[in-house]
Structure formats: C-alpha cells, structure tokens
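*Asks:* Following the UniProt record's numbering, the numbering of the sequence shown begins with 1 at its first residue and continues without gaps.
Where a beta carbon is used, it is the ideal one built from N, C-alpha and C, also for glycine.
In this text the structure is predicted, and so the values were computed from the model without any measurement.
One structure, as structure tokens, below. Some questions next.
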Amino acid sequence: MAPDVVGETGFGVHSLIEDYHRLADYLPNFETTIERLEPIGDTMFATTKVRLVLSAATLQRTFPLLAPSEKQNDGSPFATTLLGEQL
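Right, dumping it as structure tokens:
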C-alpha cells in the first residue's frame with residue numbers, strides 16, 4: 001500500500017490501520033467490501049460498502065445516553081428500535 005494512502009483521520013498505512021482498529025472496537029460486527037476500484041491519474045480511488053448490525057454494545061460505546069444500561073433496560077425507544085437493525 002502506498003505511503004500516501006488517505007484514511008478517515010489522516011494519511012499513511014498506519015493511520016488507515018488505526019482507523020480500522022477503532023472501527024472494529026466500536027462496531028465489532030461490521031463488514032467492508034470493495035465495490036469499485038478506479039484509477040484517477042496517479043491515484044487509485046476505492047468505493048466501499050460497509051454493513052453493520054447495531055448491538056447493545058455498539059449503542060453503549062457510540063451513543064451511551066441512548067443505550068440501555070447493564071442494570072436496567074432504560075434505553076430510549078429510538079435505541080430499542082435500532083437494536084439488531086442492519087445498516
């Protein structure tokens with residue numbers, strides 16, 4: 001992989017790997033597939049598709065105020081609707 005690869009939070013392979021580690025931590029059940037690769041000048045442009053299922057752990061990590069707590073099922077109705085949904 002080229003050292004000038006661009007990720008979500010910066011440039012370089014190290015930054016891209018950190019982005020995927022962070023994503024795996026927050027969304028442990030996500031799946032990424034490459035939909036299209038196209039050369040644009042000296043650059044390779046990749047279009048990806050990401051699929052994930054929202055779990056209680058995902059909601060707790062990403063939207064803690066909406067998610068049900070471990071002791072009580074007091075999450076928001078919106079969060080309850082999102083649980084188990086595939087995005």
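Quick one: what's got a C-beta closer than 6 Å to Ala-67's C-beta in the same chain, skipping five residues either side?
*Replies:* So the qualifying residues of the chain are Leu-59, Gln-60, Gly-75 and Ala-79.
*Asks:* Please go through the same chain and pick out, in chain order, the residues whose beta-carbon is closer than 6 Å to the beta-carbon of Thr-32, but skip the five residues on each side of it.
*Replies:* For Thr-32, where only same-chain residues beyond five positions count, the Cβ hits under 6 Å are Thr-48 and Val-50.
*Asks:* By DSSP, does Val-13 sit in helix, in strand, or in coil?
*Replies:* Reduced to three states, the DSSP call for Val-13 is helix.
*Asks:* Can you list, in chain order, the residues of its chain whose CB lies under 6 Å from that of Thr-87, leaving out five sequence neighbours each side?
*Replies:* The sequence shown places Leu at residue 87, rather than the Thr named in the question. Once the five neighbours on either side are set aside, the close Cβ partners of Leu-87 are Leu-52.
*Asks:* Closer than 9 Å, CB to CB, is Gln-86 near chain B or not?
*Replies:* Annotation note: the requested chain B is absent from the structure, which comprises a single protein chain.
*Asks:* Just verifying my parser: in three-state terms, what is the DSSP assignment at Phe-30?
*Replies:* Reduced to three states, the DSSP call for Phe-30 is strand.
*Asks:* Do Asp-25 and Gln-7 count as a contact pair if the criterion is CB distance below 9 Å?
*Replies:* The question names Gln, yet the displayed sequence has Gly at residue 7. It is not a contact, given that the beta carbons lie outside the stated cut-off.
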